[in-house]
Structure formats: C-alpha cells, structure tokens
Amino acid sequence: LADFLTSCIFIGYAVGAPIAGALARLWGLKITMICFSSLAAITMLLLIHVIFPIPVVMIWLFFQGIAVGAFVLSTVAINTITTPAISASAFSFNTILSQLIGACMLWGIGQFLYFYHGITPLSSGQTYSPLALQDSMYILFIGSCLAILCATLIREKK
14 LADFLTSCIF IGYAVGAPIA GALARLWGLK ITMICFSSLA AITMLLLIHV IFPIPVVMIW
74 LFFQGIAVGA FVLSTVAINT ITTPAISASA FSFNTILSQL IGACMLWGIG QFLYFYHGIT
134 PLSSGQTYSP LALQDSMYIL FIGSCLAILC ATLIREKK
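One gets our numbering by counting positions in the sequence shown from 1 and adding 13 to each.
Here it is in structure tokens:
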C-alpha cells in the first residue's frame with residue numbers, strides 16, 4: 014500500500030510541473046510559487062493532523078505531488094535574475110548547492126530525531142513510533158513555509 018500511495022505523489026509531480034509552468038506564464042512567477050508552496054504546506058498539515066480514508070489520502074498526496082512539481086519554477090527564477098551569459102552556471106551552482114545543503118540537512122535532521130527520541134542510530138530492534146514519524150513530517154511543513162518566504166523575495170522583471 015505504501016508503494017501505491019507514493020506513486021500518487023509522483024503522478025501529481027508529473028502533472029504539477031507543466032501546470033506550474035503554464036500558471037507562471039499566466040499569473041506570474043512569484044504568485045505561482047507562493048500558491049504552490051502554500052498548497053504544499055496546507056496538504057502537509059492535513060496529512061499530519063487529520064485521519065482520512067485511504068482514497069482521500071491518495072487525493073491529498075496527489076495534490077502534494079502537484080505542489081512539489083512546481084520546483085521547476087526555480088530554474089525560471091534563475092533565468093529572470095541572472096544574465097543569459099551566466100544563467101547555466103548559476104543553475105549548476107544552485108543544483109550543486111541545494112544537493113550539498115540538502116544532504117547535510119538530512120543527516121542533521123536524522124541525528125536530531127535520534128537524539129530527541131532517545132534512539133541510538135545503529136542499535137538493533139529500535140524503530141520509530143508512528144508518533145515520532147508524524148512529528149518528523151513537520152520538517153516538510155517548515156520547508157514549505159521557507160519556500161513561501163523565498164518566493165516572496167523574488168523580483169520579477171516588468
């Protein structure tokens with residue numbers, strides 16, 4: 014069942030990227046990024062706090078995937094901020110930097126969760142409780158809120 018539910022996110026991801034691009038052209042980059050980040054935050058809070066039947070969870074995960082599919086707008090933002098001569102380098106730097114920071118953050122978050130819940134990282138037989146896993150989902154909500162903040166800082170060309 015978990016694999017099937019995960020596929021709902023990826024289907025939404027595939028659908029969300031072209032929708033985000035079309036809406037960015039229609040509404041503007043900044044508004045679209047704020048809307049999609051808000052959608053991600055709202056769906057994450059609903060998935061954390063409300064117990065839904067499986068079909069409804071599938072729908073919310075699909076919407077979560079649509080919201081995450083808007084990551085493609087970050088490449089558009091790079092093109093609007095930088096000159097064409099350095100946009101490819103800026104995109105490469107952005108990708109490398111986000112991967113390095115993301116990997117370090119995941120390690121740090123994992124260490125914090127181990128410490129917070131009193132679990133030795135390599136101990137056998139100890140696993141996270143469902144409540145601990147649910148608590149860790151707040152990190153995704155915080156990430157969505159940071160994305161909203163970053164989107165508000167984008168200056169669009171007139």
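Don't be surprised by glycine CBs; every beta carbon is placed ideally from N, CA and C.
State the Cα-Cα distance for the pair residue i and residue j, rounded to the nearest angstrom.
i       : j       : result
Ile-22  : Val-28  : 10 Å
Leu-153 : Ala-53  : 9 Å
Val-69  : Ser-100 : 41 Å
Thr-203 : Ile-64  : The first residue shown for the chain is 14 and the last is 171, placing residue 203 beyond what the model contains.
Leu-42  : Ile-79  : 16 Å
Met-118 : Thr-96  : 30 Å
Leu-175 : Arg-168 : No answer is possible for residue 175: it lies beyond the span of the chain, which begins at 14 and ends at 171.
Phe-17  : Gln-147 : 19 Å
Helix or strand or just coil, what does DSSP make of residue i?
i       : result
Ile-99  : coil
Met-46  : helix
Met-150 : coil
Arg-38  : helix
Phe-65  : coil
Leu-14  : coil
Leu-166 : coil
Gly-25  : helix
Gly-131 : coil
Does the beta-carbon distance from residue i to residue j come in below 8 Å?
i       : j       : result
Ile-61  : Tyr-151 : yes
Ile-161 : Ile-47  : yes
Ser-149 : Met-57  : no
Gly-34  : Val-85  : yes
Ile-94  : Asn-107 : no
Val-89  : Ala-30  : no
Ala-83  : Phe-104 : no
With a threshold of 7 Å, establish whether the CB of residue i neighbours any heavy atom of the ligand MN.
i      : result
Trp-40 : This structure does not include the ligand MN; it has no bound ligands of any sort.
Contact the stretch 104-122 vs the stretch 69-84: 3+ CB pairs below 8 Å: no
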